[in-house]
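A short worksheet on the structure shown next.
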Amino acid sequence: MPLTGEHVTSKHPDWAQDQIDKILETGTTEGLGINGMEIVLITYRGRKSGKLRHLPLMRVEHDGSYAAVASKGGAPEHPGWYSSIRDSEIVELQDGTVTKDYTVRELSGEKRDIWWKRSVAAYPPYAEYQEKTDRLIPVFLLEPTG
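Residue numbers (our numbering): 502 to 647.
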């Protein structure tokens with residue numbers, strides 16, 4: 502795993518930080534989620550600080566690749582992690598007890614549309630979030646390295 506360095510705690514809502522703490526304590530994402538929908542844990546390098554940060558996101562998986570949806574609940578601006586993930590070459594993603602490295606790219610056009618539909622199927626509130634904002638919610642594709 503190429504991500505090494507100091508981990509720092511990001512500013513997350515209490516429920517999200519509780520999820521991160523439980524994953525780090527138990528070594529698994531299993532049994533955690535929102536309203537019965539599963540989550541994964543992404544570790545990325547902060548664009549400005551260079552330090553490693555954890556991010557729990559909804560589990561949107563297809564054929565071994567994952568989507569990371571920068572919804573911020575439909576807020577008018579992107580979440581704080583958006584620029585760091587966008588500028589990352591590699592992130593780590595933990596699904597259950599398995600952690601692997603993934604390349605990252607922001608999607609557009611037809612590819613984004615396909616992954617957006619998969620994202621909404623995995624977590625229906627994403628559709629409501631898109632209706633609440635004028636921005637097009639970014640979708641990143643995380644593909645396994647090697």
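The C-beta atom is built at its ideal place from N, Cα and C for all residues, glycine as well.
- Query: Where do the ends of the alpha helix (DSSP H) carrying T527 lie?
  - Reply: Here residue 527 refers to the residue found at position 26 when the sequence shown is read from its first residue. Element bounds for T527: D515 to T527.
- Task: Consult DSSP for D596 and reduce its assignment to one of helix, strand or coil.
- Result: As a position in the sequence shown, residue 596 is number 95, starting the count at 1. DSSP places D596 in strand when its eight states are reduced to three.
- Report the residue from I638, D588, V605 and T598 whose alpha carbon sits nearest the alpha carbon of Y567. Stepping through the sequence shown from its first residue, residue 567 is reached at position 66. Y567 has its Cα closest to that of V605, out of I638, D588, V605 and T598.
- Item | Environment of H555 [buried if 16+ CB atoms lie within 10 Å] | Position 54 of the sequence shown, counted from the first residue, corresponds to residue 555. Buried, since its Cβ has 16 or more Cβ neighbours within 10 Å.
- Task: Let me know the secondary structure DSSP gives V570 once reduced to three states.
- Result: Position 69 of the sequence shown holds residue 570. Three-state DSSP puts V570 in a strand.
- Task: Let me know the secondary structure DSSP gives Y630 once reduced to three states.
- Result: Taking the first residue of the sequence shown as position 1, residue 630 is located at position 129. Reduced to three states, the DSSP call for Y630 is helix.
- Query: Given that a residue counts as buried once 16 or more other Cβ atoms are within 10 Å of its Cβ, and exposed if not, what is W691?
  - Reply: Nothing about residue 691 can be read from this structure; the chain reaches only from 502 to 647.
- Looking at the unbroken alpha helix (DSSP H) that takes in R560, where does it start and where does it end? As a working mapping, residue 560 is identified with position 59 in the sequence shown. Counting along the chain, R560 falls outside any alpha helix (DSSP H), and DSSP gives it neither H nor E.
- Message: In whole angstroms, give me the CA-to-CA distance for G506 and D602.
- Response: To locate residue 506, count along the sequence shown from 1; it is residue 5. To locate residue 602, count along the sequence shown from 1; it is residue 101. Taking C-alpha positions only, G506 is separated from D602 by approximately 15 Å.
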